[in-house]
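Number of protein chains: 2
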Amino acid sequence: MNERLIGLTCSKCGNFYRPDEGPYLCPECCGVLETLYDYEKIEKFEGKDLWRYRQLLPSSGRTNLLVGVTPLYRSDALNEELGINDLWVKDETRNPTYSLKDRASAVVVVLARELGCKTVTCASTGNAATSLAGLSASEGLKCHIFAPKTISAPKLVQLQAFNARVLKIDASYDDCYDLCNRFAEKYNWYNRNTAYNPYTLDGKKTVAFEIAEQLEWEVPNKIFVPVGDGCIVSSVWKGFVELQKIGLTDGLPELIGVQADGCKPLKESFDKNKGCERAEPKTLAGSIAVGKPRNGFMALRDVRNSKGKFVSVTDKEMFEATKLLGSTTGIFGELAGVASVAAIKKEMENGKLDEGEKVVALITGSGLKDVEVALKLFEKIDLLEADEGKIYEHIEEISTNRRGR
Amino acid sequence: MNERLIGLTCSKCGNFYRPDEGPYLCPECCGVLETLYDYEKIEKFEGKDLWRYRQLLPSSGRTNLLVGVTPLYRSDALNEELGINDLWVKDETRNPTYSLKDRASAVVVVLARELGCKTVTCASTGNAATSLAGLSASEGLKCHIFAPKTISAPKLVQLQAFNARVLKIDASYDDCYDLCNRFAEKYNWYNRNTAYNPYTLDGKKTVAFEIAEQLEWEVPNKIFVPVGDGCIVSSVWKGFVELQKIGLTDGLPELIGVQADGCKPLKESFDKNKGCERAEPKTLAGSIAVGKPRNGFMALRDVRNSKGKFVSVTDKEMFEATKLLGSTTGIFGELAGVASVAAIKKEMENGKLDEGEKVVALITGSGLKDVEVALKLFEKIDLLEADEGKIYEHIEEISTNRRGR
């Protein structure tokens, strides 16, 4: 364990635990725990990969796979389309299993190895699962995945390629989560579940460190984050709070949590200022189709503290954002992964975002991971006869229809 | 244009052309052209991305998207499984559209932009297409793709996300290639076709530069390269030849071209020492299902010059390699993309490879890009009832069946 890790604080009741006491959730109130480091002991970051931030991670180990160090782009074409000047997109599709979740899995597998655990587990709608499977394969750990029946075919095949033990269950993600926790305890597997294992937040916060560093420690005004369980948004907050504590940045960003219109329990709770009620997910954006957000308490707290808010977008808006992002930047995100861009478009249209603000959109996962949904949404491409005349006609037709781009 | 680019030499007849004469193929003999640089004028490489090699690329421009700089891994687990000590895998699935082809497309779009072309085109079984579509989207160029009817659904959807103008034609890749060349000439589109545009070789050779640099300029004994048209294998050769010319390395690697058993025109030609005959592709490995290899002449010459050879592997062997690579390294390659690993396994089993040799396997494309094939090959995962007793039984069963890993 990293000696700078002082302990774990409960996000609900404030109870404190030493790292070697190592609970997952707070035994008193079942709150999600958060790490606390000795921020005065943090020295200059050195190295070229994710592990350059190891002073603020639970273990000093590192993975075989290259995780993180993803590009942050400012695309003139995208910004022009949106009518904004200073939007940056953080392309998390460039992680080893093509989603931001690799950051959490990386930190977890390193820790599991250090603790002598040979098997890891999680429940997941897909991205956390493939990520844990890939990272544990590369570290020689066994991996049990609890997946709901809605898991996409590409994600399932990825799990098989990584030789994960897949339990595809006729249940929702929420039920898989509970089942996974019970079996993890029974078998003493190391449990990566989001909003359960406190160190996943530490892994994910590295995306904030990278954004800040790529912007030369200038803090953006707003960061748009797709929200399912609510862990990523809290991790981004934790990252910026820690950077400020160690004096690398001055100020904090507003966080805009983005949910699907068809599944927005946190937006509802935030807007009505009341407890979070379970929602019935009705969205194609699988990675944020979470009816019972496990990190809801912390996410609401952090978005509030950031002076931010929640917005929601329709599946159609996410699909439009997929095309907008793809056609201007060459990044192909999954629906949930580009919810951030959809929300920025909506906020601009509603006059809620100023063209001069420095804004970051997290692109959390790749479109190839949810290709079945994309196949449903994109129009079918006709098969053409191998006849020059007919091909010529077709080219002329599409050139006329799509003039301008 | 880069002033160090002296001109283009025909790989068949040796004719020489100045860069500003700019033919695609040799007007005399239709041979594929190769760039020639003033190797005495090359100074130390500087910078962190692919463009650090710009002194040996046709243009000094750069792309918006981050291309190349992919990891080179030595996995103890993989090496142990194969009984080899010093195997490295170059993970090209980490490129922006998840294949090595991005290197060629990057160089081509930069050049097209510099030459004032607004539209680019290519024919492709999929990877070159998605790559050109993504890169041209990010550079604001229009893109026409000639795709055979066999193109995979994920690759097609990727093209649509990048807003490419897709011509899906009821024809083979070979016929699409010819059609594409005719329409490119008719419309004066910039033509990226492999073994047609000489600069694609320059883009792809950067993978050799990176491998050498990552191995601290030590030249591997052997490099295993999946072969369809034969461009990548020639690019790797060109890269190592150039590094030797500029004095950064000493010696050259043996190149092992890997083809599918069901489509091995170059292996046949090489072994029988006769001209390359057209084959009828019978393989699921779409990216190397090329019956008429457009860069065959050069590929045969280069593999011969390298003192290497061609080997072929079955679809089953490629599928086994997918699982072997995935379960040991966390890299999910497509069938063609892991043909290199399949061939190394075969060579080790046949005693043709020494455990002490320094070997590199190119992993050319991601498994998510050909997920339909993977879905055919992996066994179907049963849906389990959400019943703790039944899940317990299932866990016990798979734990027994898969003991040891």
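Chains as they are written, first to last, in the numbering used here: chain A, 1262 to 1666; chain B, 1262 to 1666. Virtual Cβ for every residue (Gly too), placed ideally from N, Cα, C. Just so it is clear, the structure is predicted and the values come from calculations on it, not from any experiment.
Check	Outcome
Can you tell me whether K1553 of chain A is helix, strand or coil according to DSSP?	coil
Rounding to the nearest angstrom, what Cα-Cα distance links A1622 of chain A and F1558 of chain B in this structure?	47 angstroms
Would A1604 of chain B and A1550 of chain B be called neighbours here (beta carbons separated by less than 9 angstroms)?	no
When you compare only the Cα positions, how much space is there between I1652 of chain A and F1423 of chain B?	21 angstroms
With DSSP as the reference, please indicate the residues paired to L1348 of chain A in a beta bridge.	A:V1620
Would you call the CB atoms of R1426 of chain A and I1656 of chain B closer than 9 angstroms?	yes
Beta-carbon within less than 8 angstroms of R1313 of chain B's beta-carbon, same chain only, minus the 5 sequence neighbours each way: which residues are those?	F1306 and E1307
Is the Cβ-Cβ distance between W1720 of chain B and V1381 of chain B less than 9 angstroms?	Beyond the ends of chain B as shown, which are 1262 and 1666, falls residue 1720 of chain B; an answer cannot be given.
Run through chain B and tell me which residues come within less than 8 angstroms of K1630 of chain A, C-beta to C-beta.	L1629
Any idea what DSSP makes of K1637 of chain B, helix, strand or coil?	helix
In angstroms with no decimal places, state the Cα-to-Cα distance between K1553 of chain A and V1480 of chain B.	54 angstroms
I think V1519 of chain A touches V1574 of chain A, with their Cβ atoms under 8 angstroms apart; what is that distance to the nearest whole Å?	6 angstroms
DSSP three-state call for G1464 of chain A: helix, strand or coil?	helix
Counting only C-beta atoms, is K1584 of chain B closer than 9 angstroms to chain A at any point?	yes
Given that S1385 of chain B touches chain A, what residues does it touch there, using C-beta distances under 7 angstroms?	Per Cβ cutoff of 7 angstroms: no residues; S1385 of chain B is ~15 angstroms from chain A at best.
Consider the Cβ of F1444 of chain A: report whether some Cβ of chain B lies at a distance smaller than 9 angstroms.	yes
Identify the continuous alpha helix (DSSP H) that holds C1437 of chain A and give its terminal residues.	Y1434 to Y1448
Within 9 angstroms (strictly less), CB to CB, does V1519 of chain B reach chain A?	no
Name the chain A residues whose beta carbon is nearer than 7 angstroms to that of I1642 of chain B?	L1417, V1427 and K1429
Checking contacts by CB at 9 angstroms: is Y1242 of chain A closer than that to chain B?	What the structure shows of chain A is the stretch from 1262 to 1666, and residue 1242 of chain A is not part of that stretch, so it cannot be assessed.
In terms of alpha-carbon separation, which member of A:D1352, A:M1262 and A:C1271 lies closest to D1281 of chain A?	A:M1262
Within the continuous alpha helix (DSSP H) that includes V1486 of chain B, where are the two ends?	Note, V1486 of chain B: premise wrong, no alpha helix (DSSP H); beta strand (DSSP E) at K1483 to P1487.
Which residues of the region 1528 to 1542 of chain B have a Cβ closer than 7 angstroms to any Cβ of chain A? Give them in chain order.	none
I want to verify the contact list: residues of chain A whose CB lies under 8 angstroms from the CB of T1625 of chain B, in sequence order.	In chain order: nothing, as chain A lies at least about 16 angstroms away.
Quick check on A1647 of chain A - is its C-beta less than 9 angstroms from some C-beta in chain B?	yes
If you reduce the DSSP assignment to three classes, tell me which class Y1298 of chain B lands in.	strand
Let me check one thing: in DSSP terms, what residues is C1235 of chain A bridge-paired to?	Outside the modelled stretch of chain A, which goes from 1262 to 1666, sits residue 1235 of chain A, for which no answer is possible.
Have a look at the DSSP bridge pairing and note the partners of G1626 of chain A.	A:S1360
What residues in its chain sit with their C-beta under 8 angstroms from that of I1624 of chain A, if we drop five residues either side in the sequence?	V1350, K1351, D1352, E1353, T1354, L1586, I1592, G1594, G1598, V1599, S1601 and V1602
Let me see if you follow: with CB-CB separation under 9 angstroms, is Y1451 of chain B close to chain A or not?	no
Report yes or no: do the region 1607 to 1615 of chain A and the region 1521 to 1533 of chain A share at least 3 C-beta pairs separated by less than 8 angstroms?	no
Check whether chain B comes within 9 angstroms of P1332 of chain A, counting only Cβ atoms and requiring the distance to be less than that.	yes
Whose C-alpha, out of B:P1284, B:A1647, B:V1632 and B:Q1475, is nearest the C-alpha of L1545 of chain B?	B:V1632
Specify, as a first and last residue, the run of the alpha helix (DSSP H) that E1654 of chain B falls within.	E1649 to N1662
Buried or exposed: which applies to C1658 of chain B, given that a residue is buried once 16 or more other Cβ atoms fall within 10 Å of its Cβ?	In the sequence under discussion, the amino acid at residue 1658 of chain B is Glu, which differs from the Cys named in the question. Looking at its Cβ environment, which holds fewer than 16 other Cβ atoms inside 10 Å, E1658 of chain B is exposed.
For chain C, find out if any of its Cβ atoms is closer than 9 angstroms to the Cβ of K1410 of chain B; answer yes or no.	Judged by its chain identifiers, the structure shown contains no chain C, and its protein chains are A and B.
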